[in-house]
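Written below as structure tokens is the structure these notes are about.
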């Protein structure tokens, strides 16, 4: 059996907008970082530092100027401490105002980037930025907002790397708040190539890596899309990561852990395409033995057996 | 950090119409009452004694006259025994015929109230009634049915107290059987005040407490609605409780345990508004270490830490 | 209390199309067969050997000719070994191509039947076939495809028995991929009797048993439909089984374990109707103490107590 690309990074889904919260304290998070490290995860990415009025750290700007609620814990500090303790790199995901589109996103994050860098920039584990506004097609203002934010992140932090994680606008690109799991009107491989060729041309020099979400296309489309993604990224000097989703998009319950063979197929396709790094959305709900969904722990075991870990 | 209002009551969701059953036996229920008591819960409310053809106790009326199915256990007796054992008050929720609207509701419960009081009225833990037909706006027959049932409950039981738990008709007032989590057309604070002012005027003297469900409005609307609720209740001599929902209405899976900080925000708003008591819907699925959803147990731990319990 | 029909068989939901995968390895499956046997299950039915591009065994035909993905484990071999170890009968479910309707189903399975019998036919636990294309009404090609496949299965295997598990087209016959749980336009008992009378006349001699799914009708319709099913089956020399669904079709989360009293009502109705055998869909997610849904383990305990096992 061929070997898939190893998962070496995971998102930390705080604040979530569609995955229910596990209500972990420091003890559970500490144990989860240990479990991640045990399978070779060296990178954790906080998916966003806030969403609408909920935030992950005490933020004078977001609480004072945007009416966000004060959090009961400083999760940025916690994740940085745990990343340091377990020898991992922490990447910081920008704030998502939840409305107003990409321009509003950019406007809010100008202040957030400065504030966050001032608060946490000296921390040893702070190694990069994640520009968190997702899109699959060229939407009004999307590319401009990403470019502007990415350059601001670099500028504020002395050039720390930046990545994005867009979706492929395939047949499973359906809202988690709809009952269906598939749709008509999926993007074709050639449309995807043309559109993202243009987008990457504009993002060249601003982003260092792009981790397309791998869950919106059929399993028999993986090779075709991954090959295009790798070719485009290489052309523009962007590392081609994959966001190997560990939840199952084919099921009515949105979402529970993925069937191991589906994850395996995606990681094997990623290896065949020569992708540069695999991260997952996300370990703690969908792959962790601590997850509220026990099938996540079994996925962890199947993954370890398969990878010989 | 300010302190939220402590939760001192919970519904017991038997019979449920949208929350899957946990299939507990007496051992699990006994342990759950113990876990409730450990965080200060002194009041349990059986949310309804029957729904359509399923009932919680062997009922000559409901089985004989309405074709309900005989239950395999007498849950009313069980809950009364456990309430006595753990030193808690038990409130009895009326039968929900599931169709025919409020008039059918009233018609069915005339016989139920008499039957139940004859069967269980002498039990030490039987301390009150819950008129279980929910509504958020003045619906045809709703207020009349509540008033009639509440007075009948009092009359049958020598004046035991009665409460209701309506919803606020906010932007999250969406059926659990729809995929969406929000809607247009939410009630405004002033409409709510006008409408419920009239409703409470009619219910004065019939009900002793009103526990509005707190989950159908946005978190930044809590203060405004809670203040109105408290003012209206005070004006009509009704205790102003809050039904602090411990499940998350913002997520696609309907429903899993709420994020702790959301519950905390609601309890803090309840404290600020000076509400009289907080109950929750409901402990056993959404806050219990025994819950089928492990994030409920973590919520229990977070809540204990926060309350210093 | 009357006694329900005992469950003596279960589907094994591999490959699933709407129930999330548990990611079990051989150790968990072995334990699950032991748990099944402990409550009297003597029959396991692999619900389908493949669905679209995912398959349960290494298949030269399905992988080579239809582009299916190679599985990481041979589940047919595993289930046969475990059935032998635990003294159970294994029934094999045919491949579901997922599109092309019943004619495409028949076309694909001609090769599958021969291939599977050549590979596994000598195994001691291989005792029957399950023709897996489900339908509730006479659909174009449905009866013809079932008849053709059933006769082919018998012919290939020296006459091993064959069964089907259609649905009753009742008010809960709603896709798992829709948010609603009920619909208008349910079949009446007399329509059901007329339609299935005709279908069974055509299937006489081809199938040995029919296990109607019991979850699409109301609980107060069980007796009427079960009586018809038994009468029709008897008339055509078909054993009348029931597929006692152990998941709850009345809840927004599709699907979690059923409330014990609902399962009990269905098994009691099956006993009253004199049905010949009860199987369930399915043990491992919805009745097993190992299930990712802890309420399944409690259902197991309630069922054991009720049956005195």
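Residue numbers (our numbering), protein chains in the order written: chain U, 298 to 606; chain F, 298 to 606; chain W, 298 to 606.
Just so you know, even glycine gets a beta-carbon here, dropped at the ideal spot from N, CA and C.
Sheet register partners of residue i (DSSP bridge)
| i | result |
| --- | --- |
| residue 343 of chain U | U:309, U:389 |
| residue 348 of chain U | U:351, U:393 |
| residue 425 of chain F | F:388 |
| residue 554 of chain F | F:544 |
| residue 464 of chain W | W:510 |
Per-residue contacts from residue i into chain U (C-beta, under 8 Å)
| i | result |
| --- | --- |
| residue 421 of chain F | Here the premise fails: no neighbours, minimum Cβ distance about 36 Å. |
| residue 513 of chain F | What residue 513 of chain F touches in chain U: nothing, since even the nearest Cβ is about 17 Å away. |
| residue 557 of chain F | 318, 320, 369 |
| residue 606 of chain F | By Cβ distance, chain U contributes nothing, its closest Cβ being about 15 Å from residue 606 of chain F, past 8 Å. |
Member of the options whose CA lies at the smallest distance from the CA of residue i
| i | options | result |
| --- | --- | --- |
| residue 318 of chain U | F:540, F:457, F:564, F:590 | F:590 |
| residue 514 of chain F | F:421, F:532, F:470 | F:470 |
| residue 368 of chain W | U:299, U:538, U:429, U:355 | U:299 |
| residue 407 of chain U | U:392, U:309, U:528, U:545 | U:392 |
| residue 332 of chain U | U:569, U:419, U:379, U:519 | U:379 |
| residue 312 of chain F | F:346, F:305, F:338, F:303 | F:346 |
| residue 424 of chain W | W:446, W:398, W:343 | W:343 |
| residue 449 of chain W | W:404, W:466, W:600 | W:404 |
| residue 499 of chain U | U:593, U:551, U:532 | U:532 |
| residue 348 of chain F | F:569, F:365, F:377 | F:365 |
| residue 468 of chain F | F:497, F:511, F:441 | F:511 |
| residue 594 of chain W | W:460, W:601, W:585 | W:585 |
| residue 523 of chain U | U:543, U:496, U:602, U:487 | U:487 |
| residue 519 of chain F | F:476, F:491, F:466 | F:466 |
Within chain F, the residues that residue i reaches when beta carbons sit closer than 9 Å
| i | result |
| --- | --- |
| residue 592 of chain W | 317, 318, 319, 320, 321, 589 |
| residue 350 of chain U | 515, 516, 517 |
Cβ-based burial, residue i [other Cβ within 10 Å; buried from 16]
| i | result |
| --- | --- |
| residue 508 of chain W | buried |
| residue 563 of chain W | buried |
| residue 558 of chain F | buried |
| residue 359 of chain U | buried |
| residue 451 of chain W | buried |
| residue 572 of chain U | buried |
| residue 444 of chain F | buried |
| residue 606 of chain W | exposed |
| residue 485 of chain U | exposed |
| residue 356 of chain F | buried |
| residue 599 of chain U | buried |
| residue 567 of chain F | buried |
| residue 561 of chain W | buried |
| residue 463 of chain F | buried |
Residue i (DSSP reduced to helix, strand or coil)
| i | result |
| --- | --- |
| residue 471 of chain F | coil |
| residue 633 of chain W | The question about residue 633 of chain W has no answer, for chain W in this structure spans 298 to 606. |
| residue 458 of chain U | coil |
| residue 574 of chain F | strand |
| residue 538 of chain U | strand |
| residue 507 of chain U | strand |
| residue 304 of chain F | strand |
| residue 523 of chain W | helix |
| residue 366 of chain W | strand |
| residue 479 of chain U | coil |
| residue 595 of chain W | helix |
| residue 401 of chain W | helix |
| residue 338 of chain U | coil |
| residue 299 of chain F | coil |
| residue 432 of chain F | coil |
| residue 446 of chain U | helix |
| residue 329 of chain W | helix |
Within chain U, partners of residue i - CB distance below 9 Å
| i | result |
| --- | --- |
| residue 475 of chain W | 476, 477, 549 |
| residue 546 of chain F | Neighbours of residue 546 of chain F on chain U: none; closest Cβ ~11 Å, over 9 Å. |
Chain-ordered chain W contacts of residue i [CB-CB under 9 Å]
| i | result |
| --- | --- |
| residue 586 of chain U | By Cβ distance, chain W contributes nothing, its closest Cβ being about 12 Å from residue 586 of chain U, past 9 Å. |
| residue 480 of chain U | What residue 480 of chain U touches in chain W: nothing, since even the nearest Cβ is about 12 Å away. |
Neighbouring residues, chain U, relative to residue i (Cβ below 7 Å)
| i | result |
| --- | --- |
| residue 553 of chain F | 317 |
Proximal residues of chain F, C-beta to C-beta of residue i below 7 Å
| i | result |
| --- | --- |
| residue 364 of chain U | 517 |
| residue 599 of chain W | 320, 322 |
Interface residues of chain W facing residue i [CB-CB closer than 8 Å]
| i | result |
| --- | --- |
| residue 325 of chain F | 595 |
Neighbouring residues, chain F, relative to residue i (Cβ below 8 Å)
| i | result |
| --- | --- |
| residue 532 of chain W | Near residue 532 of chain W there are no residues of chain F at all, since even the closest Cβ is about 30 Å away, more than 8 Å. |
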